[in-house]
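Below is one structure; the comments refer to it alone.
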Amino acid sequence: MIPVIHFLNYLLPVLYLTTFSAYFYDFMKGEKKFINIKRLFLFLTLLIHLVYLLLRTFEFHHPPITNVFEIFTVLAFAITFSYFLLELITDIRGTGPFIIIISFVFQFISTLFIPDQLAVKEVLRNNLLGIHVITALLGYSGFTISAVYSFLYLTLYKDLKHNRFGLIFNRLPNLEVLEKLSFYSAVIGFVLLTIAIIIGIIWLPSAFPDISYLDPKLIGTGLVWLLYGAGILSNLIVHWKGKKLIVLSITGFVIAILSTIISNFLAQSFHSFY
Amino acid sequence: MNLLAVSINHRTAPVELREALHLTEEEIRQIIQLAKDELLQEGFIISTCNRTEIYGIPKEFQLPYSRLHSFILGHKKPVNASEENFQNFLSRESLKHLFGVASGIDSMLIGDNQILKQVKDSFLIAEEMGFAGFMMKRVFDAAIRVGKRAISETAISEGAVTVSYAAVQLIEKIFSNLSKKTALVIGAGETGEIAAKHLRDKNIRKLTITNRTKERADKLAAKLNADSFPFDELNQHLNKFDIIISATSSENILISKEDVESAIKKRNYNSMVLMDIAIPRDIDPSTSKIDYVFYNDIDSLNIIVEQNLSKRKAEIPKVEKIIEEELDNFFAWYNSLQAAPTIKSLRDHFESIRAEEVEKNINKFSSEDKEKLEIITKRIVNKILHHPTIELRKTNDAGTGAEEAATKMGIIRNLFGIDKPGSNNEDKK
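Right, here's the structure in full:
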């Protein structure tokens, strides 16, 4: 089984890169040459990635969430899967390269450094933890996608303001659509993160009786959750729209990234298992 | 194939000459009647603001182009036109030119798809006048096919190539659904009207017109099922519109930066699109600095127009390929009109009908009669086809015009439905 896992580990970045290339080619050329093939490639990549994750889970007797490079491969999968669903629902295919490249980067780093880890802490074998991590990762992929659409919104906004009618103008969907995509991805991310937080709160006292609620990871996540919650509420109640909401989404994403870096690599957090 | 074409168009003649030679539908009908009497067996005439063209199969085998030139010129008031103002085509070149026209690559505005409708209308007039015979119908079908293929298989008609349409294209990059938006058009002149029509075509939720002369605004509003308000109330209403297109001939700025700042505040910073397609400009260009305000003037819209025109030009080789394919198809069909293949097709067609009927009814006959049935039915078919076969063979003889032969063979093929899908002959293939 291990050789198959190793083979898939090296195959995945190649698949992501190929899928990205097909999306990128169509984006640059404005042709619809790969319009159906690229979606098929995306689907196959996801399928193979799912097989890879399942094989790892069975072979190493734990879900692939026990170290940062396992998290990266799950994140790559979650981002691509979320995008795939979004593309199926909206049939907007022009934004694919901007999202698939992120999955490629995560997968590439994971492929290089992922260990074949059999022995993990007992706490990491808990089922509730598995659901907590998966929902949190899906939530963060929602925020990542929201941030990508926000970034594209800002780029198109600037191009329109400065009368630049290049690739971005010609290929991207309109500002309102980008805003909606960003908003709905953020809402989905927020809901999933809320579930992750609730599960975390239920599971935390039993796993770590002496936990401090001033843990940098908890504070960071709380901040991200509050920020997205405030953004969603402001849209629903005071009808905040456009750039303000977009800037909020990007800020939330940056804080989420910083919080992950700080809690995993710099600060001493109970979240640093590895 | 003796198809002649002469054309005066935007490449060969200045606008004054094209205008002078433009034919109304009534004039086209008159000229067709005369052409039928004097010069052409069949044909059709296309006349638009950018071209006047006559296509046809001459009665005399070698009809000089100059006769067609003077024929066109003779029916309009005297104009200064020389031989250089005409393009002349024969056979494949005539057809190629027509295909180029129908596909929009010969248009002044490359990819203009209105021309396809104009070609259709021209043919309908010819058909009504009994000027479009068997050959012209095939020519017309092929031309329309080229036009449709050019639109569906290439991007020759994609993208806005007029300033007012570019404004709408740009608006659609900001708003996703115009049926939820409100728009104001300032100025009820020609440009304003075109812009308003584009917005109406895009199902804008609410369209409002304002103009210095209120009557003109009311008239246009009534025409486009829109609202209007007096021009001096412009500033009070600015905040109510998501889209404002200004196209007046005013010498002064009508909407200042302060006006827009006040309007966007009242709109709770919901995006506002300002399209200034007037020269000189109606809206202060510094409004572009206000957040959530998208301001464009005629120069920026022209950038889009130029880009789209370049893209359309890049599609010309693809359209030319379609034209070549359709020319080959047409001449493959035309060459099939030679007598021998037609005789064979005709005989095959009848034989297949005979065989089918015999097969259906064979069981109604005794075994000794079955052979007789075969012989008798074959004899009937041979007798029926004897005279048509002789007549068709004669068309190969010297002295029979190629067009006459083609017409005869075309009539036979048409009458018996030999080329139609589902015909007995076709089924057999």
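Chains as they are written, first to last, in our numbering: chain A, 1 to 274; chain B, 1001 to 1429. Note that the Cβ used here is the ideal one computed from N, Cα and C, for glycine as well.
Discussion item. Please report the distance separating the alpha-carbon of B/Phe1099 from that of A/Ser21.
Written reply: 38 Å
Worksheet item: Between the stretch 238-250 of chain A and the stretch 197-213 of chain A, do at least 3 Cβ pairs fall closer than 8 Å?
Response: no
Item to complete: Using only alpha-carbon positions, find the residue among B/Ala1196, B/Gly1133, B/Gly1111 and B/Leu1178 that is nearest to B/Glu1158.
Response: B/Gly1111
Worksheet item: Residues in its own chain within less than 8 Å of B/Val1139 by CB, not counting five upstream and five downstream?
Response: Leu1003, Tyr1055, Leu1095, Leu1098 and Phe1330
Worksheet item: Closest by CA to B/Ala1217, which one among B/Asp1201, B/Ile1244 and B/Gly1187?
Response: B/Gly1187
Worksheet item: When the distance is taken between beta carbons, is B/Val1358 closer than 8 Å to B/Leu1346?
Response: Pairing B/Leu1346 with B/Val1358 gives a Cβ-Cβ distance that is not under 8 Å.
Item to complete: Please compile the residues from chain A whose C-beta is within a distance smaller than 7 Å of the C-beta of B/Asn1113.
Response: Under the 7 Å cutoff, chain A gives no residues; its nearest Cβ is about 20 Å from B/Asn1113.
Practice prompt. Using alpha carbons as the reference points, say which of B/Asn1113, B/Glu1127 and B/Tyr1334 lies closest to B/Arg1092.
Written response: B/Tyr1334
Item to complete: Can you pull the chain B residues whose beta carbon is under 7 Å from the beta carbon of A/Val177, in chain order?
Response: In chain order: Ser1176.
Worksheet item: Quick one: is B/Lys1202 near chain A, going by C-beta distance under 8 Å?
Response: No, its Cβ sits nowhere closer than 8 Å to a Cβ of chain A.
Fill in: Where B/Thr1162 falls: helix, strand or coil (DSSP)
coil
Worksheet item: Thinking C-beta only, is A/Ile262 closer than 8 Å to A/Trp225?
Response: no
Discussion item. Taking the beta strand (DSSP E) that B/Gly1056 belongs to, which residues open and close that run?
Written reply: Arg1051 to Pro1058
Practice prompt. Answer yes or no: do B/Ser1179 and B/Arg1205 have a C-beta to C-beta separation smaller than 8 Å?
Written response: yes
Practice prompt. Mark A/Met1 as exposed unless 16 or more other C-beta atoms lie within 10 angstroms of its C-beta, in which case mark it buried.
Written response: By the Cβ-count criterion, A/Met1 is exposed, with fewer than 16 other Cβ atoms from all chains shown falling within 10 Å of its own Cβ.
Worksheet item: Taking DSSP as the reference, what is the three-state secondary structure of B/Gln1087?
Response: strand
Practice prompt. Run the CB neighbour count on A/Pro216, radius 10 Å, all protein chains shown included, and call it buried at 16 or more, exposed below.
Written response: buried
Item to complete: Pull out every residue of the stretch 1235-1251 of chain B whose Cβ sits closer than 7 Å to any Cβ of chain A, in chain order.
Response: none
Discussion item. Using only the alpha-carbon positions, how far apart do A/Gly166 and B/Ile1304 sit?
Written reply: 9 Å
Discussion item. Here's the rule: buried if 16 or more other CB atoms are within 10 angstroms of the residue's CB, otherwise exposed. What is A/Ile211?
Written reply: The residue in question, A/Ile211, is exposed, as its Cβ has fewer than 16 Cβ neighbours within 10 Å.
Practice prompt. Name, in chain order, the residues that DSSP records as bridge partners for B/Asn1177.
Written response: BP columns for B/Asn1177 are empty, so no partner.
Fill in: Coarse secondary structure for B/Leu1184, derived from DSSP in three states
strand
Practice prompt. Would you grab the beta carbon distance between B/Val1444 and B/Gly1147 for me? Rounded to a whole angstrom, and I think it's under 8 Å.
Written response: Outside the shown range of chain B (1001 to 1429) lies residue 1444 of chain B, about which nothing can therefore be said.
Discussion item. When you compare the stretch 1262-1271 of chain B with the stretch 1222-1241 of chain B, are there three or more beta-carbon pairs, one atom per stretch, that lie closer than 8 Å?
Written reply: The stretch 1262-1271 of chain B is in contact with the stretch 1222-1241 of chain B.
Worksheet item: Taking the C-alpha atoms as reference points, what is the distance between B/Ser1249 and B/Pro1280?
Response: 7 Å
Fill in: Against chain B: residues of the stretch 106-134 of chain A by CB proximity under 8 Å
none
Fill in: Inter-residue Cα distance where the pair is A/Leu233 and A/Val187
10 Å
Fill in: Buried or exposed (CB count within 10 angstroms, at least 16 for buried), B/Pro1230
Exposed, since its Cβ has fewer than 16 Cβ neighbours within 10 Å.
Worksheet item: What alpha helix (DSSP H) runs, 4 residues minimum, are completely inside the stretch 188-222 of chain A?
Response: Taking 4 residues as the shortest admissible run, the stretch 188-222 of chain A contains no complete alpha helix (DSSP H) segment at all.
Worksheet item: For B/Ile1151 and chain A, any beta-carbon pair shorter than 8 Å?
Response: Closer than 8 Å: no.
Item to complete: Decide if the stretch 1313-1321 of chain B is in contact with the stretch 179-195 of chain A; the criterion is three or more beta carbon pairs, one per stretch, under 8 Å apart.
Response: no
Discussion item. Is the beta carbon of A/Ile168 closer than 8 Å to that of A/Leu86?
Written reply: No, Cβ-Cβ distance for A/Leu86 and A/Ile168 is not below 8 Å.
Discussion item. Just to confirm the assignment, what range does the alpha helix (DSSP H) spanning B/Phe1416 have?
Written reply: Boundaries cannot be given for B/Phe1416, as no alpha helix (DSSP H) includes it and DSSP labels it neither H nor E.
Worksheet item: Is B/Leu1068 helix, strand or coil when you go by DSSP?
Response: helix
Worksheet item: Between B/Ile1390 and B/Arg1067, what straight-line distance do the alpha-carbon atoms span, to the nearest angstrom?
Response: 37 Å
Worksheet item: Counting only beta-carbon atoms, is B/Lys1266 nearer than 8 Å to chain A?
Response: no
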